[in-house]
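Engineer: Protein chains in written order, with our numbering: chain A, 1 to 133; chain B, 1 to 133.
Backbone N, C-alpha and C fix where the C-beta goes; we use that ideal spot for every residue, glycine too.
Before I ask anything, here is the structure I am working with.
Rendered as structure tokens:
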């Protein structure tokens with residue numbers, strides 16, 4: 001339980017760092033209220049500038065591969081389509097900065113999708129690349 | 001303190017009701033993480049559909065008039081401009097549904113702005129009017 005809290009706190013702090021990077025780059029960004037508080041789909045972060053809006057699902061991991069339940073990706077896409085935002089998955093792997101994936105680029109396996117350090121090298125965008133896309 | 005918690009809980013519930021109304025009308029909407037958690041401006045709710053995005057500061061009150069510190073309105077406008085969203089102030093007065101105000105229509109008085117039931121009749125929009133604007 002303490003581990004869970006610690007992990008959650010680290011996730012929150014990592015999301016706040018990402019919010020900071022957006023504002024520091026001239027974007028507006030905000031974190032969503034805890035996902036447990038809503039029956040509706042909600043990304044972890046929305047960010048916007050000029051004509052672009054990003055809906056971002058964020059995960060930190062201690063591993064070199066991170067899985068996403070298909071339902072989580074489906075809800076991210078549903079929110080993004082309705083809100084008219086680009087859907088992005090952000091993963092913070094150990095020793096790497098946040099990497100950003102187009103959900104379509106995730107590896108599909110049964111009822112989940114995954115992003116790995118290897119996929120990050122092939123398809124991932126750095127923060128700087130994301131905001132310049 | 002219990003009163004404060006109770007008031008906060010009522011505010012949260014009222015915001016969730018508003019989120020529900022947006023989704024029920026085909027809009028995507030999300031609540032922001034607690035405002036104390038960020039050093040950056042953040043509205044209470046963002047909502048979007050097609051070409052529109054709304055950044056909304058929400059307040060519930062037991063009175064017939066609600067004040068907003070100028071700084072709060074300034075930050076709402078700053079977020080909205082950067083994110084490219086319309087800035088709106090939503091007030092839930094007793095016995096009335098949520099009413100929505102363009103920040104420019106609020107009454108200015110020294111270091112604050114205010115919205116009253118009287119102003120709602122003159123300048124306020126109902127939820128249905130807001131999403132049709």
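Which residue comes first and which comes last in the beta strand (DSSP E) that contains residue 54 of chain A?
Structural biologist: Per DSSP, residue 54 of chain A belongs to the beta strand (DSSP E) from 52-60.
Engineer: Going by DSSP, name the residue or residues bridged to residue 102 of chain B.
Structural biologist: Residue 102 of chain B pairs with nothing; no bridge assigned.
Engineer: Is residue 7 of chain A buried or exposed, if buried means 16 or more other CB atoms sit within 10 Å of its CB?
Structural biologist: Exposed.
Engineer: I believe residue 64 of chain A touches residue 91 of chain A by the beta-carbon criterion, under 8 Å. Please report the beta-carbon distance rounded to the nearest angstrom.
Structural biologist: Their Cβ separation, rounded to whole angstroms, is 10 Å, which puts residue 64 of chain A and residue 91 of chain A out of contact at 8 Å.
Engineer: Taking only the alpha-carbon atoms, compute the straight-line gap between residue 77 of chain B and residue 105 of chain B and give it to the nearest angstrom.
Structural biologist: If I take the Cα positions, the gap works out to 13 Å.
Engineer: Under three-state DSSP, which class holds residue 68 of chain B?
Structural biologist: Correct three-state label for residue 68 of chain B: strand.
Engineer: For residue 9 of chain B and chain A, any beta-carbon pair shorter than 8 Å?
Structural biologist: No - not a single Cβ of chain A is within 8 Å of the one on residue 9 of chain B.
Engineer: Let's test the definition: count the other Cβ atoms within 10 Å of the Cβ of residue 51 of chain A and tell me whether it reaches 16, buried, or not, exposed.
Structural biologist: So residue 51 of chain A counts as exposed.
Engineer: Take the Cβ of residue 103 of chain A as the centre, count every other Cβ of all protein chains shown within 10 Å, and call the residue buried at 16 or more, exposed below.
Structural biologist: With 16 or more other Cβ atoms within 10 Å, it is buried.
Engineer: Alpha carbon to alpha carbon, what distance is there between residue 125 of chain B and residue 107 of chain A?
Structural biologist: About 46 Å.
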